[in-house]
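**Q** First, the structure itself, so that you have it in front of you.
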Amino acid sequence: MADIFISYASEDRERAKVFALALEGEGWSVWWDRLIPFGKPFDAVIQENLTAAKCVVVLWTEHSVASKWVRSEAAAAEERYTLVPVILDEDVQLPLAFKLLQCAKLHDWDPDSDSAEYDKILAQIRVLVSGGGTTPEPAVTPARRLTLRGSGVRRRSWLVLLFLVLPSLLAIGGALVLMNWRVATQIELALQVDRIAFTLAGSERVPLLERAVSFDALSLERLARVELRAARLLPVDPVPGSAERRGVTLKLEGTPRDRMAVDFESETGGAVTGRLSALSVDPGTQVVLEMRQGARPALVMHLDAPAIETSVLPAHPLLLTVSNATVAEPPGFAQSPRWRARLQISEADPIIAVRGIASAFTAIIAPSRAMRVLPDGGAPVSQVELLRQTGSGGYASALVAPARLSYPGYAKDAVTLAAGSLLSIDALHDATLAAITVEPAQTVLPVTVRAQAGRIQSRLGGGPPVDHRLSLFDRLWYGSRTALLFSILVWVASVTVGAYKLYRETRGST
Numbered sequence: 001m002a003d004i005f006i007s008y009a010s011e012d013r014e015r016a017k018v019f020a021l022a023l024e025g026e027g028w029s030v031w032w033d034r035l036i037p038f039g040k041p042f043d044a045v046i047q048e049n050l051t052a053a054k055c056v057v058v059l060w061t062e063h064s065v066a067s068k069w070v071r072s073e074a075a076a077a078e079e080r081y082t083l084v085p086v087i088l089d090e091d092v093q094l095p096l097a098f099k100l101l102q103c104a105k106l107h108d109w110d111p112d113s114d115s116a117e118y119d120k121i122l123a124q125i126r127v128l129v130s131g132g133g134t135t136p137e138p139a140v141t142p143a144r145r146l147t148l149r150g151s152g153v154r155r156r157s158w159l160v161l162l163f164l165v166l167p168s169l170l171a172i173g174g175a176l177v178l179m180n181w182r183v184a185t186q187i188e189l190a191l192q193v194d195r196i197a198f199t200l201a202g203s204e205r206v207p208l209l210e211r212a213v214s215f216d217a218l219s220l221e222r223l224a225r226v227e228l229r230a231a232r233l234l235p236v237d238p239v240p241g242s243a244e245r246r247g248v249t250l251k252l253e254g255t256p257r258d259r260m261a262v263d264f265e266s267e268t269g270g271a272v273t274g275r276l277s278a279l280s281v282d283p284g285t286q287v288v289l290e291m292r293q294g295a296r297p298a299l300v301m302h303l304d305a306p307a308i309e310t311s312v313l314p315a316h317p318l319l320l321t322v323s324n325a326t327v328a329e330p331p332g333f334a335q336s337p338r339w340r341a342r343l344q345i346s347e348a349d350p351i352i353a354v355r356g357i358a359s360a361f362t363a364i365i366a367p368s369r370a371m372r373v374l375p376d377g378g379a380p381v382s383q384v385e386l387l388r389q390t391g392s393g394g395y396a397s398a399l400v401a402p403a404r405l406s407y408p409g410y411a412k413d414a415v416t417l418a419a420g421s422l423l424s425i426d427a428l429h430d431a432t433l434a435a436i437t438v439e440p441a442q443t444v445l446p447v448t449v450r451a452q453a454g455r456i457q458s459r460l461g462g463g464p465p466v467d468h469r470l471s472l473f474d475r476l477w478y479g480s481r482t483a484l485l486f487s488i489l490v491w492v493a494s495v496t497v498g499a500y501k502l503y504r505e506t507r508g509s510t
């Protein structure tokens, strides 16, 4: 069980994730993600982790104060003297039962900056986490020590009978064990999803976008810096102090708290608005791909990685929309939470440089032609998740069409998994995720996973989970059939010899 339990509202998941990563960086184990294993009740898993945790951090926000789950978890932690309350929203109204408690105030906290209040929390958590050679004679004689009284059979006939029964018992028992002993299985899974999350593995950087991507529209979020050279910059929604600028350098800056975003759209309605440069990431990067539905379907790509640097090359004058950014240059440019401008890029310096914040980067791409995520030969992965979050904070299946599960190297028929099945794949070894091609106006992601899976289960609706791993019997039957057939022949020969000897002895005694 984890050292620390984080209680939060589902609407604050991203903020809880930042807080959890910071605490894990201190060396503690943290339970915060409410992804419940198959077959276990939601409330039972939460209660188990809440009770086992040495410290319970409650994140009070405008959302969590209204959550009966968070209030219940906070009350349980207070009773056990493990509660560490943290206020993330400045004007939040705490529930009456917790107003008299001293709370840490981190509404302006930045994980990349020093904070005395955060240091106090760490000190309190440290206190809570630390303070703390012969074989016995069997009860029943083997084979009931048959004597066959009155049959005229010799006293050693029970050995012959044992020679008949024991191989059969061993064969039946062994077959039952082999048929129920599930083992790690080589699989190939072909499916269509509207969301997939995975963690890249290996030892070398992976070309997530091996080639530049042509787009009709592009949104980049969670940015730290954007820099470009504009031949002409004209605000569309003028605010006091804004005016047309020519031949200027535009520098935008943001912080993790700002959630700075920039949208690029064609002003002229050209076939291709621009190109997003190729992008490579380090092993260990967590990637989430999700299809956004609507009149113009788009691929949403979330990256949890060190600060991402990329660039945009416009093909036409752009309509630029900027949110939550500070205009560092040009001086005197009117600041506004959200503004739009017509942008004509400088021909001498047409590249728009972009840098994301650490541990977070999002690109929303409406491709103008087919784009490919991951290299042609695929990429190694250590984890794959095929779930999506619902509006209520729970989880649902990401499968939007029947999936095909096959077993390479074995003559076993492929399994079809129904659309909407909850699918869990864990304990992956030598796993590869094939390149994913996204077509314009496409609403699903075609995904192929090849791996040795230590666990693969599916569940449809309220039915029981189904284990799709091969059993040891399957591996023998579909893989090493010769060995299994030889074992069967040995058993048949043994039983035949025993039956013949018993027949001879019985005839000889009559």
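Residue 244 in this note's numbering sits at position 244 of the sequence shown, with consecutive numbering throughout. Quick reminder that beta carbons are idealized off the backbone N, C-alpha and C, glycines included. Keep in mind it's a predicted model, so treat the numbers as computed, not measured.
(1) The alpha helix (DSSP H) that contains Tyr395, what's its start and end?
(2) How is Arg15 classed by DSSP in three states: helix, strand or coil?
(3) Below 8 Å between beta carbons: does that hold for Ala253 and Ala325?
(4) In the stretch 334-400, which residue ranges form an unbroken beta strand (DSSP E) of at least 3 residues, counting only runs that do not cross its ends?
(5) What three-state label does DSSP hand Ala9 in the structure shown?
(6) Contact between the stretch 403-415 and the stretch 341-358 is defined here as three or more beta-carbon pairs at a separation below 8 Å; is this criterion met?
(7) Tell me the DSSP secondary structure of Trp60 in three-state form.
(8) Compute the distance between the beta-carbons of Gln383 and Phe198, then report whether it is under 8 Å.
(9) Taking a contact to mean a Cβ-Cβ separation below 8 Å, would you say Val466 touches Arg475 in this structure?
(10) Have a look at Ala427 and Ala453 and give me their C-alpha separation to the nearest angstrom.
(11) Between the alpha carbons of Leu106 and Gln457, how many angstroms are there, rounded?
(12) When DSSP builds the beta bridges, which residues end up paired with Arg450?
(13) Please list the terminal residues of the continuous alpha helix (DSSP H) segment that includes Phe98.
(14) According to DSSP, simplified to helix, strand and coil, what is Ile46?
(15) Could you please give the first and the last residue of the uninterrupted beta strand (DSSP E) stretch that includes Lys251?
(16) Compute the Euclidean distance between the alpha carbons of Ser64 and Ser346, then round it to the nearest angstrom.
(17) If you draw a straight line from the C-alpha of Thr362 to the C-alpha of Thr51, how long is it?
(18) How would you call Pro85, buried or exposed, if buried means at least 16 neighbouring beta carbons within 10 angstroms?
(19) For Leu176, is the classification buried or exposed, using 16 other Cβ atoms within 10 angstroms of its Cβ as the cut-off for buried?
(20) Quick check on this structure: which residue in Gly420, Trp477, His429, Thr496 has the alpha carbon closest to the alpha carbon of Leu191?
(21) Find out if the Cβ-Cβ distance for the pair Ala358, Val438 is shorter than 8 Å.
(22) Going by the beta-carbon positions, is the gap between Asp3 and Trp28 smaller than 8 Å?
(23) If you run the structure through DSSP and keep just helix, strand and coil, what is Gln442?
(24) Please confirm whether Pro297 and Gln442 have their CB atoms less than 8 Å apart.
(25) Alpha carbon to alpha carbon, how far is Asp110 from Trp339?
(26) In angstroms with no decimal places, state the Cα-to-Cα distance between Ala9 and Ala123.
(27) According to DSSP, what are the bridge partners of Leu83?
(28) What does DSSP give as the partner residue(s) for Thr326 in the beta ladder?
(29) Using the C-alpha atoms, what's the distance from Gly173 back to Val140?
(30) For Gln286, which residues of its own chain have a beta-carbon under 6 Å away from its beta-carbon, when the five flanking residues on both sides are left out?
(31) Closer than 8 Å, CB to CB, is Ala427 near chain B or not?
(32) According to DSSP, simplified to helix, strand and coil, what is Gly274?
(33) Compute every distance between the C-beta of Pro331 and the non-hydrogen atoms of the ligand FMN, then say whether any falls below 7 Å.
(34) Measuring only the C-alpha atoms, how far is Phe215 from Val312?
(35) If you draw a straight line from the C-alpha of His468 to the C-alpha of Gly409, how long is it?
(36) Taking DSSP as the reference, what is the three-state secondary structure of Ala414?
**A** Reading off the structure:
(1) Annotation for Tyr395: no alpha helix (DSSP H) segment contains it, though the beta strand (DSSP E) segment containing it runs 395-397.
(2) Taken through DSSP and simplified to helix, strand or coil, Arg15 comes out as helix.
(3) A small fix is needed here, since residue 253 is Glu in this sequence, not Ala. Their beta carbons are under 8 Å apart, which means Glu253 touches Ala325 by this criterion.
(4) Runs of the beta strand (DSSP E) inside the stretch 334-400: 338-345, 352-356, 361-367, 371-373, 379-385, 387-389, 395-397.
(5) In the three-state scheme derived from DSSP, where H, G and I count as helix and E and B as strand, Ala9 is classed as coil.
(6) No contact exists between the stretch 403-415 and the stretch 341-358.
(7) Three-state DSSP puts Trp60 in a strand.
(8) Yes; because the gap between Cβ atoms is below 8 Å, this pair is in contact.
(9) No; because the gap between Cβ atoms is not below 8 Å, this pair is not in contact.
(10) The straight-line gap from Cα to Cα measures roughly 6 Å.
(11) C-alpha of Leu106 to C-alpha of Gln457: approximately 41 Å in a straight line.
(12) When beta bridges are read from the DSSP output, Arg450 appears opposite Glu188, Thr432.
(13) Looking at the DSSP string, Phe98 is not in any alpha helix (DSSP H), and its letter there is neither H nor E.
(14) Here Ile46 sits in helix by DSSP.
(15) Looking at the DSSP string, the run of the beta strand (DSSP E) that includes Lys251 is 245-253.
(16) If I take the Cα positions, the gap works out to 48 Å.
(17) Each residue's Cα considered, the two are about 36 Å apart.
(18) In summary, Pro85 is buried, with 16 or more beta-carbon neighbours lying within 10 Å of its beta-carbon over all protein chains present.
(19) By the 10 Å Cβ count, Leu176 comes out exposed.
(20) The residue with the shortest Cα to Cα distance from Leu191 is Gly420.
(21) No. Outside cutoff.
(22) Contact check for Asp3 against Trp28 passes: the beta carbons are separated by less than 8 Å.
(23) Here Gln442 sits in coil by DSSP.
(24) It is a contact, given that the beta carbons lie within the stated cut-off.
(25) Between Asp110 and Trp339, the alpha-carbon positions lie close to 25 Å from each other.
(26) If I take the Cα positions, the gap works out to 25 Å.
(27) Val56.
(28) Looking at the DSSP assignment, Thr326 forms a beta bridge with Glu253.
(29) Only weak support exists for where Val140 lies, its pLDDT of 34 falling under 50; the value from the coordinates is given anyway. For Val140 and Gly173, the distance between alpha carbons rounds to 19 Å.
(30) Beyond the five residues adjoining it in sequence on each side, Gln286 comes within less than 6 Å, by CB distance, of Thr199, Asp304 in the same chain, given in chain order.
(31) The displayed structure is made up of one protein chain only, and chain B is not part of it.
(32) Here Gly274 sits in strand by DSSP.
(33) This structure lacks the ligand FMN, and indeed carries no ligand of any kind.
(34) If I take the Cα positions, the gap works out to 10 Å.
(35) Here the C-alpha atom of His468 lies approximately 16 Å from the C-alpha atom of Gly409.
(36) In the structure shown, Ala414 sits in coil (DSSP, three-state: anything other than H, G, I, E or B).
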